[in-house]
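Enquirer:
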């Protein structure tokens, strides 16, 4: 319930454990600040009594604290019936008001179901703009046709063949109808639409590693306004959205072995509210990018990278912990993440982060082949001081950039590279100097090292062969024509992409891969959708495409409606 006069307007967001109970204990002992395993064992084992003490943000004396759980407010000990201040009966409870949750809520509310949404923040929280789909009406009109199985097979291959193919099949057959539904509702809504399709329509990809299928559906207002509009729409259809009321525990009958029957939330007064769900609970609480405990266990390869998108008080892995608490199986480590240079972390926002100019580290030394897929570009920075690099180029960039390949943050999405760099220089967000030595001083790297790197790079350009790191000849552009430029780049985590494993219908599974009746997991709370270490960019927008499609599928199934299972 959002009082439009009292609730703050959506803010401009920063723009752009294996966890079963056994390994949860192990992981918490290793990375949770030295918590004793005996205490965690007691805390994570549901009691047959409804009058046991609570913890994890609910008061009480036993069980892991918020600090132990990396800041998550999930309560890992049964909450006593005596602590429940109010009980509300509904059919469907949606945990989370982001993209997946808002789609699920709107879908179920349209079907006439009594829906409650528990949203941790005071407004909808979502980021990004583009969602992947196949065979939407807009794609058909544009002529963007491709073999969906060829696309997902290559996408899964790049993800080390770890995705559940039933989930990918569901994306194939339900993503297009999901986009059709969402576009019909919001395309003409000011501040949300219009929706742009075909951003890489007809794009020539001279390098196979940068190839991307034309899947993106991009909302002009981006995903925050879309999610908020869908929550408001759900309320218009009879749902109730409880803002600033995070879910802290999922309720499962028969001592956590039966059906999931509800959710316990916590209001701004610190009171527990129990929501009985006669139909289903849809877990859509987002990712764990700002949870150091879960990140240490599942994303150790990204140690030191900040979370670029989300408010630090939101994405703490509450949904993952709540799913674990009722027996859900977490996807095995390592997990996957969106690790990008955009939006930037600790450095200014300058277009062209994917363009393969000369890269040097803070010691002024070249260290890699700069011409790799954008989704993997971050990885070499993890071996460098302060996890960052500088792009170095000369004034010929004004024409050279067009010959530096296609792909994300090169020519996609289309942005004015020359104007953007000039504006960044004017604003003090990019560096410009008449000599390499002056440029080195501006970025505070050793002048002799930078000069040596530039000289060696120019030799390789003249030879037409990169005998140091193997960059293809057509991407070797010398750095000779002053003035010279430098742009600082540092990667960040947009979101984590894994959680509780499900079947193709988004029904949560336990350690034995049996369905936990009454519980769906969608969006970034869901596991076994992404493999590998980073989002595969051959299907751009799959993170949000997954969120919208799984939210729609869960909302349809939870409200007794069919989903597409084939062409």
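In this note's numbering, the protein residues as written are 91 to 657.
Glycine residues also receive a C-beta, built at the ideal position from the N, C-alpha and C atoms.
#1: The alpha helix (DSSP H) with residue 642 in it runs from where to where?
#2: Within 10 angstroms of its Cβ, does residue 431 collect 16 or more other Cβ (buried), or is it exposed?
#3: Closer than 8 Å is the cut-off here; do at least three beta carbon pairs connect the stretch 156-169 with the stretch 194-204?
#4: Among 580, 251, 510, 318, which residue has its Cα nearest to the Cα of residue 488?
#5: Please tell me whether residue 406 and residue 378 are closer than 8 Å, where the distance is taken between their beta carbons.
#6: Look up residue 120 in the DSSP assignment and say whether it is helix, strand or coil.
#7: Could I get the ranges of all uninterrupted alpha helix (DSSP H) runs contained in the stretch 502-535, with 4 residues as the minimum, in chain order?
#8: Going straight from the alpha carbon of residue 530 to that of residue 536, what length do you get?
#9: Comparing alpha-carbon positions, which option in 183, 235, 190 lies nearest residue 292?
#10: Based on DSSP bridge pairs, tell me the residues matched to residue 309.
#11: Please list, in chain order, all residues of the same chain as residue 664 whose beta carbon is under 7 Å from its beta carbon, the five residues on each side excluded.
#12: Along the chain, where does the alpha helix (DSSP H) containing residue 345 start, and where does it finish?
#13: I'd like to confirm the pairing. Which residues does DSSP put opposite residue 332 in its beta bridges?
#14: Evaluate residue 652 with the Cβ neighbour count: other Cβ atoms within 10 Å of its Cβ, from every protein chain shown; 16 or more gives buried, anything less gives exposed.
#15: I need the DSSP call for residue 561, collapsed to helix, strand or coil.
#16: Considering only DSSP beta bridges, list what residue 624 is partnered with.
#17: Buried or exposed for residue 175, going by 16 or more other Cβ atoms inside 10 Å?
#18: Measuring alpha carbon to alpha carbon, tell me which residue in 553, 569, 543 is nearest residue 523.
#19: Within 10 angstroms of its Cβ, does residue 298 collect 16 or more other Cβ (buried), or is it exposed?
#20: Would you call residue 555 buried or exposed, if buried means 16 or more other Cβ atoms sit within 10 Å of its Cβ?
#21: So if DSSP puts residue 479 in a beta bridge, which residue, or which two residues, is it bridged to?
#22: Could you tell me the alpha carbon to alpha carbon distance between residue 239 and residue 258, rounded to whole angstroms?
#23: At a cut of 8 Å, does the stretch 261-268 reach the stretch 596-603 through at least three beta carbon pairs?
#24: Under a three-way DSSP split, which group does residue 612 fall into?
#25: Using the beta-carbon count (16 or more within 10 Å), is residue 663 buried or exposed?
#26: Start and end of the beta strand (DSSP E) containing residue 350?
#27: Where do the ends of the beta strand (DSSP E) carrying residue 176 lie?
#28: Grab me the residues of residue 505's own chain with a C-beta within less than 7 Å of its C-beta, minus the 5 sequence neighbours each way, in chain order.
Expert: Inspection of the coordinates gives the following:
#1: 632-648
#2: buried
#3: no
#4: 510
#5: yes
#6: Legend: pLDDT at residue 120 = 32, less than 50; position of this residue unreliable, no value from coordinates given.
#7: 507-517, 526-533
#8: 6 Å
#9: 235
#10: 285
#11: Examination of residue 664 is not possible in this model, given that the chain is present from 91 through 657 alone.
#12: 343-346
#13: 208
#14: exposed
#15: coil
#16: 427
#17: exposed
#18: 569
#19: exposed
#20: exposed
#21: 579
#22: 9 Å
#23: no
#24: coil
#25: The question about residue 663 has no answer here: the residues shown for the chain are numbered 91 through 657.
#26: 350-356
#27: 174-185
#28: 441
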